[in-house]
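Note sheet for the following structure.
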Amino acid sequence: MGNKVRLTTSQALIKFLNQQYLHVDGEEYPFVEGVFNIFGHGNVLGIGQALEQDPGHLKVYQGKNEQGMAHAAIAYSKQKLRRKIYAVTSSVGPGSANLTAAAGTALANNIPVLFLPGDTFATRQPDPVLQQVEHEHSAAVTTNDALQPVSRYWDRITRPEQLMSSLLRAFEVMTDPGKAGPVTIAISQDVEGEAYDFDEAFFKKRVHYLDRKAPVQRELDGAADLIKASKKPVMLVGGGAKYSGARDILIALSESHNIPLVETQAGKSTVESTFSNNLGGVGVTGTLAANKAAKESDLIIGIGTRYTDFATSSKTAFDFDTAKFLNINVNRMQAYKLDAFQVVADAKKALEQLKPALEGYESSFGNHISELKDEWTTERNRLANLTYDRKNFTPEVQDHFTKDVMNEYADTLQTEFVQTTALLAINDLIKPESNVITSAGSLPGDMQRLWNPTTPNTYHVEYGYSCMGYEISGALGVKLADPDREVYSFVGDGSFLMLHSEFITALQNNQKINVLLFDNSGFGCINNLQMEHGSESYYTEFRTNDNNVLNIDYAKVAEGYGAKVYRANTVDELKAALKDAEKQTTSTLIEMKVLPKTMSEGYESWWNVGVAEISEKEDIQKAYQEKADMREQAKQY
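Numbering (this note's numbering), first residue to last: 1252 to 1888.
Take a look at the structure:
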């Protein structure tokens, strides 16, 4: 038996977190960077006391909302390519319940993060304690059970000694690229302060090795045969390719064999947009070039992708009658999708080992890749220069709203700013090495189609869960992960209203973020979805009870928090605001009033959504029939 050290459960937890290291490609560094906290009666006297006593190297940040600070932690890990994490601690009850949306975000995106919510008493002696829910069928169920379906690993600590096996299991999960995701360890609040004689060996430096899983020869042979037998293969670049660091080998294979690249939201900026064979985003929010190439392809090489409905246009993006699928994924479940030939391996490692077997092969795309890219560039340039002319109103910027409604918005918001024009101006004006982030609404679509990242790994969009409220919280996480670069959060007014609590945390801690607020006074993308499928505009615009469009002064809100604010409703005003914002040392917010219905639309893509099968409205009947027709084209598994 080794030497013992007497610590509380919480003290042991913090001591253990300080000793976890990750080893990747010859580099070794601490895996846990710090802890976000909101203290309450369920954790302040346990974990709070332990952090106050000795945080070690852990950086400690006070959050303002549990979901918000958890999103900051998730964005930090995502920006660090899943190689560093923050832990997040909350109190019991509503504090831990607020973590569920963030946990779902982390799970959908396969991002490691450690949630440490307090829990009810293990002894049950004072039950029901403050913020405890009760069930007739079980006294063991607490609010934290809601985190089970949105955690990759979940545990509840009711004895101090349980902490040891639980933490080992937690870090095994978080450091495994094949199953990385959120871990929840709920600790009973009385147990947090209980002492135990822990074995000193438990607190020795522990190194977790991120070894790159190599493909077996059978997988390499099968993959090479499929590629060499194809005429028009396409490489679909997913988040796994980015986390693997596969940029160089992707470029090398694409150049050597004339294979175009198309991207998912998570994979975008793995390879910069200036690479000649990069055709951009694919699917519902994809470019015309990428979607045409995907439809023409006879072999889809999915590299680290989950094949979500947006990437596959609800399984209509490809010609399933002729196309085959080759999936390279470190996760076996993902590799099996779309009945593909599976290579269960690290993306970078697999592509590097596959390269020699493709010697002499060239696709039959020829100059078609550059033709597709040129065609899209022309369309993108058009979208960059759209203007709204209320006198010569055209359907192009109308999209279901009447002329009178559009002019009402223009009058109320005092703007004629077009969203695509604003977004593309920003792309041209900010430094190319800046990080950009968004998550929900119409902006992810505009970003995946139109944003050209010329520096790798500068595009950070959470679209696995598309969680409203991630944008500003996530910008703080990105800034903590990459402090030397400017970060720009693209957020709609709907998401801003949903959650922007960590904007205050950024201001409080001198972590400069730039918020670009696109205000069209409503849930614009959902209004589009509603009206495109035959319904009228119904509770998706922001209007008063007497039906007037709301005009909220968001700049004044941010100014009250202490941010440097700007109002920009023209390209010239936006240019001046961005130039001045870059000089600031404090966080900024640029409020842009943009007209609804001026975002970009889909290009040869379809999204399968629920449409009423029975309705008195002819437009809804038509929308349902269109859906039925498209489902006939979609792959069923």
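Beta carbons are placed, not taken as given, at the ideal position from N, Cα and C, and that holds for glycine.
For Gly1496, the CB contacts under 6 Å within the same chain, skipping 5 residues up- and downstream, are Lys1599 in chain order. Annotated three-state conformation of Lys1519 is coil, per DSSP. Bounds of the beta strand (DSSP E) holding Leu1767 are Asn1765 to Asp1770. Here the C-alpha atom of Asp1560 lies approximately 22 Å from the C-alpha atom of Lys1873.
A buried status is given to Thr1672, since no fewer than 16 other beta-carbon atoms sit within 10 Å of its beta-carbon. Below 8 Å, too few C-beta pairs join the region 1794 to 1804 and the region 1697 to 1713 to call them touching: fewer than three. In terms of Cβ geometry, Ala1809 and Ala1819 do not form a close pair [threshold 8 Å]. Taking the CA atoms as reference points, Tyr1460 sits about 47 Å from Leu1634.
Here Gly1307 is exposed, its C-beta having fewer than 16 other C-beta atoms within 10 Å. The residue from Ser1342, Gln1383, Leu1501 and Leu1623 with its alpha-carbon nearest to that of Val1488 is Leu1501. The beta carbons of Asp1441 and Phe1372 sit closer together than 8 Å. At a Cβ-Cβ threshold of 8 Å, Lys1848 and Phe1652 count as neighbours. Remark: fewer than three beta-carbon pairs, one from each stretch, lie closer than 8 Å, so the region 1519 to 1534 and the region 1460 to 1474 are not flagged as touching. Given a length threshold of 4 residues, each whole run of the alpha helix (DSSP H) inside the region 1416 to 1459 is given here in chain order: 1440 to 1443. By DSSP's assignment, Gln1271 forms a beta bridge with Arg1457. Annotation for Ser1788: Asn1778, Gln1781 and Met1782 place their beta carbon closer than 7 Å to its own, counting only its chain and skipping 5 residues before and after. Taking a C-beta distance under 8 Å as the contact criterion, Ile1336 and Phe1282 qualify as a contact pair. Boundaries of the alpha helix (DSSP H) around Arg1633: His1619 to Leu1634. Rounded to the nearest angstrom, the Cβ distance from Val1845 to Asn1765 is 17 Å, too far for a contact under 8 Å.
Counting only runs that start and end inside the region 1322 to 1351, the alpha helix (DSSP H) elements of at least 4 residues fall at 1345 to 1348. With contacts defined by Cβ atoms closer than 8 Å, Val1339 and Gly1369 do not form a contacting pair. Rounded to the nearest angstrom, the Cβ distance from Ala1492 to Thr1521 is 5 Å, consistent with a contact under 8 Å. Residue pairing for Met1782: DSSP places it in no beta bridge. Distance from the CA atom of His1386 to the CA atom of Val1434, rounded to whole angstroms, is 25 Å. For Arg1641, the secondary structure class from DSSP, reduced to helix, strand or coil, is coil. If you ignore the 5 residues before and after Ala1431, its C-beta comes within less than 8 Å of the C-beta of Arg1333, Asn1361, Ile1362, Pro1363, Arg1403, Val1424 and Met1425, all in its own chain and listed in chain order. If you look at Gly1496, you'll find it isn't in any beta strand (DSSP E); DSSP assigns it neither H nor E. Within the DSSP secondary-structure output, Glu1317 pairs in no beta bridge. The C-alpha of Phe1422 lies about 29 Å from the C-alpha of Gln1382. In this structure, the alpha-carbon of Gln1593 lies about 5 Å from that of Ala1586. Scanning the region 1557 to 1631 from its first residue to its last, the whole alpha helix (DSSP H) runs of 4-plus residues come out as 1583 to 1586 and 1598 to 1605. Between Thr1351 and Glu1713, the C-beta gap is not smaller than 8 Å, which leaves the two residues out of contact. For Ser1740, the uninterrupted beta strand (DSSP E) segment begins and ends at Val1738 to Gly1743. Each of Lys1654, Glu1737, Ala1503 and Ala1452 was checked against the Cα of Ser1685, and the nearest Cα belongs to Glu1737. Within the same chain, Met1415 come within 6 Å of Phe1453 by CB-CB distance, once the 5 residues on both sides are set aside. According to DSSP, residue pairing for Trp1405 in a beta bridge involves Thr1435.
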